[in-house]
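J.:
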Amino acid sequence: MKKSISVLLTIAMAGGLLAGCQSEKTAESDSGEKETLTVMCVGTEADANVDDYNAIAEEFSKNNEYGVEVKIDYYENEQYKTKLTTLMASNAVPDIFYTWELSYLEPFVEGGKVADITSYLEEDEEWKNSFAGGTLELLSYDGKYYGIPTQKTLCVVYYNKEIFEENNVEVPTTFEEFLNVCETLKNNGVTPISLAGREAYPSAQIVQQIAIGMAGSQLFDDINDGKEKWNNETFVKAAKEMTDMADKGYFQEGYIGANPDEAVNTFTNGQAAMLFTGVWETDKIAQSDLGENISAFALPPTDPQYENISIGSVDTSFAIAENSEHKDAAIAFLKYWTSEENEETLLYNAGRIPEREFEIDETKLDSLTADVLKVSNEQENVIPWLDRQFAAGEGVEFNNTCVAVLGGEDPQTAFDALQQFAEDNVER
452 MKKSISVLLT IAMAGGLLAG CQSEKTAESD SGEKETLTVM CVGTEADANV
502 DDYNAIAEEF SKNNEYGVEV KIDYYENEQY KTKLTTLMAS NAVPDIFYTW
552 ELSYLEPFVE GGKVADITSY LEEDEEWKNS FAGGTLELLS YDGKYYGIPT
602 QKTLCVVYYN KEIFEENNVE VPTTFEEFLN VCETLKNNGV TPISLAGREA
652 YPSAQIVQQI AIGMAGSQLF DDINDGKEKW NNETFVKAAK EMTDMADKGY
702 FQEGYIGANP DEAVNTFTNG QAAMLFTGVW ETDKIAQSDL GENISAFALP
752 PTDPQYENIS IGSVDTSFAI AENSEHKDAA IAFLKYWTSE ENEETLLYNA
802 GRIPEREFEI DETKLDSLTA DVLKVSNEQE NVIPWLDRQF AAGEGVEFNN
852 TCVAVLGGED PQTAFDALQQ FAEDNVER
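As structure tokens, this is what we get:
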């Protein structure tokens with residue numbers, strides 16, 4: 452008997468969406484060859500969703516009234532940010548590009564680099580109205596819309612059920628219990644956590660989530676409003692918790708040099724009991740040899756009143772370049788991408804959590820994806836990554852600060868420097 456679970460969604464329903472919203476001539480060259488609709492995206496060929504993204508692009512290329520062929524180029528997270536900034540400066544941005552919330556996109560909008568897509572949304576009320584919960588507003592500026600979100604994401608702790616059982620530990624409900632689990636595992640000769648220390652964002656995720664568990668979401672609002680400083684007691688304490696975990700041997704050997712793929716492999720090879728990262732890794736983990744033996748939980752808070760608050764947000768959002776010659780085709784492609792059919796495919800095949808609310812056939816889900824969806828639905832609030840909230844300035848420096856602390860810099864000194872950076876470069 453089929454069971455179904457409800458998944459929160461704010462992305463547009465779109466059926467039969469290969470047609471555009473406004474008139475645009477077929478994009479074929481004088482020789483009759485198709486022109487290219489260029490897309491720039493975060494990802495690597497190792498990511499489970501990339502094959503599905505490419506399939507979506509291939510299918511659209513076969514059947515669209517604009518005669519365009521979609522080509523997607525992929526870049527790793529930090530490489531992407533550097534590449535996009537360079538392309539923006541040289542007015543060489545592709546037709547469609549991956550983006551995060553407005554805080555990241557805003558400088559490009561203000562610079563006239565991003566297309567205003569408000570008219571497209573207003574001309575297709577069904578599409579626009581299916582974006583519930585203020586999702587579109589996360590990509591709006593001065594009352595106009597500049598991006599389309601396609602999925603949602605959050606951070607979870609993946610854990611090896613067999614290792615937990617063998618060591619007589621249970622899923623923790625407080626941060627203190629979490630540390631006790633780590634200590635027990637370490638004392639039993641088991642590496643508690645696999646961590647990617649080479650890139651900046653994994654350590655920043657740890658510090659931010661611990662800080663959320665100490666002070667809730669108000670801390671981040673206060674920083675944004677200038678009521679609180681970056682070198683506040685909470686961030687320093689959260690960073691110190693991370694370094695204490697490192698000093699106690701809770702991370703795998705060589706974690707400083709490990710990239711995200713290597714950290715996942717360490718976990719899926721059974722060499723660590725837990726992995727704290729984003730749910731974009733779900734399918735890769737589920738498809739591993741240990742897949743059926745892996746589950747997930749939210750990192751518990753220090754203060755119980757801040758339970759069920761996680762790092763997370765809309766994910767895989769896209770914007771259109773202002774200088775694109777194929778805006779209508781770009782909109783049609785984004786409508787096709789966000790169709791229910793494609794959202795279901797990305798969920799069932801790659802474990803990508805859709806923003807759309809529809810009935811899910813649990814028989815099509817592996818056990819880990821079902822567990823991750825359950826954790827996602829339990830979250831009462833999600834706080835975007837700080838490099839999304841505060842973009843290329845303070846947000847990126849927050850990440851750099853956290854990885855510097857992981858590398859041995861004193862937490863107070865590091866966050867004092869971050870605060871000085873903010874005072875020197877940001878007006879509030």
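Numbering (this note's numbering), first residue to last: 452 to 879. The C-beta atom is built at its ideal place from N, Cα and C for all residues, glycine as well.
Please say whether Val-854 and Ser-645 have beta carbons closer to each other than 8 Å?
T.: Note that the C-beta distance between Ser-645 and Val-854 is not below 8 Å.
J.: Using alpha carbons as the reference points, say which of Gly-858, Phe-866, Ala-865, Glu-845 lies closest to Gly-877.
T.: Here residue 877 turns out to be Val, not Gly, going by the sequence shown. Of the listed residues, the one whose Cα sits closest to Val-877 is Glu-845.
J.: So, does the segment 740-758 touch the segment 617-625, judging by three or more C-beta pairs under 8 Å?
T.: yes
J.: Using only CA atoms, which one of Ile-663, Val-560, Thr-694, Glu-692 lies nearest to Pro-755?
T.: Ile-663
J.: Tell me the DSSP secondary structure of Asn-876 in three-state form.
T.: helix
J.: Looking at Arg-839: is its Cβ nearer than 8 Å to the Cβ of Ser-591?
T.: no
J.: In the DSSP assignment, the alpha helix (DSSP H) including Tyr-597 goes from what residue to what residue?
T.: No residue range can be given for Tyr-597, since it is assigned to no alpha helix (DSSP H) and is classified by DSSP as neither H nor E.
J.: Going by Cα to Cα distance, which pick from Lys-637, Cys-606, Thr-533 is closest to Val-620?
T.: Nearest option by C-alpha distance: Lys-637.
J.: Provide the residue(s) that pair with Leu-785 in DSSP beta bridges, ordered along the chain.
T.: Note: Leu-785 sits in no beta bridge, so no partner.
J.: With DSSP run on the structure shown, which of helix, strand or coil describes Glu-810?
T.: strand
J.: Under the rule that 16 or more other beta-carbon atoms within 10 Å means buried, what is Asp-502, buried or exposed?
T.: exposed
J.: Need the endpoints of the beta strand (DSSP E) that Thr-495 sits in, please.
T.: In the DSSP assignment, Thr-495 falls outside any beta strand (DSSP E), carrying neither H nor E.
J.: Judging by CA-CA distance, which residue of Ile-762, Asp-673, Leu-726 is the nearest neighbour of Ser-746?
T.: Leu-726
J.: Ignoring anything shorter than 4 residues or poking outside the segment 539-627, list the alpha helix (DSSP H) runs there in chain order.
T.: Counting only runs that start and end inside the segment 539-627, the alpha helix (DSSP H) elements of at least 4 residues fall at 553-561, 569-574, 576-580, 612-617.
J.: Along the chain, where does the alpha helix (DSSP H) that runs through Tyr-706 open and close?
T.: Here Tyr-706 belongs to no alpha helix (DSSP H), and DSSP marks it neither H nor E.
J.: Does the distance from the C-beta atom of Ile-760 to that of Glu-831 stay below 8 Å?
T.: yes
J.: Go through its chain and collect everything with a Cβ distance to Leu-798's Cβ below 6 Å, but skip five positions before and after it.
T.: Pro-805
J.: Below 8 Å, how does it come out for the segment 723-740 and the segment 563-577: are there three or more Cβ pairs, yes or no?
T.: no
J.: Do you know offhand how far Lys-476's Cα is from Asn-774's?
T.: Residue placement at Lys-476 is flagged as unreliable, the pLDDT there being 45, under the threshold of 50; the coordinate-derived value follows with that caveat. Lys-476 and Asn-774: Cα-Cα distance of roughly 17 Å.
J.: At which residues does the beta strand (DSSP E) containing Ser-775 begin and terminate?
T.: Segment: none, Ser-775 is in no beta strand (DSSP E) and carries neither H nor E.
J.: Could you check where the beta strand (DSSP E) with Ser-746 kicks off and where it finishes?
T.: 745-748
J.: Do Leu-538 and Val-519 come within 8 Å of each other at the CB atom, strictly closer than that value?
T.: The answer is no: Cβ separation not under 8 Å.
J.: Which of the three DSSP states, helix, strand or coil, is assigned to Gly-648?
T.: coil
J.: Excluding the 5 residues preceding and the 5 following Ala-689 in the sequence, name in chain order all residues of the same chain whose CB lies nearer than 7 Å to its CB.
T.: The residues Val-658, Ile-661, Ala-662, Met-665, in chain order, have a CB closer than 7 Å to that of Ala-689 in the same chain once the five nearest residues on each side in sequence are set aside.
J.: I'd like to check one pair, Ala-499 with Asp-822: are the Cβ atoms closer than 8 Å?
T.: No. Outside cutoff.
J.: Does the segment 811-829 come into contact with the segment 856-870, if we say contact requires no fewer than three beta-carbon pairs (one atom in each stretch) closer than 8 Å?
T.: no
J.: Looking at C-beta atoms only, is the number of pairs between the segment 506-517 and the segment 777-793 that lie closer than 8 Å three or more?
T.: yes
J.: What does the alpha-carbon distance come out to for the pair Asn-528 and Val-847?
T.: 12 Å
J.: Could you check the C-alpha separation between Ala-651 and Glu-484 for me, to the nearest Å?
T.: Using only the alpha carbons, I get a separation of about 43 Å.
J.: List the endpoints of the continuous alpha helix (DSSP H) containing Ile-804.
T.: No alpha helix (DSSP H) holds Ile-804; DSSP gives it neither H nor E.
J.: Quick check on Tyr-701: does DSSP put it in helix, strand or coil?
T.: coil
J.: Pick from Lys-603, Leu-589, Leu-556: whose alpha carbon is nearest that of Gly-802?
T.: Lys-603
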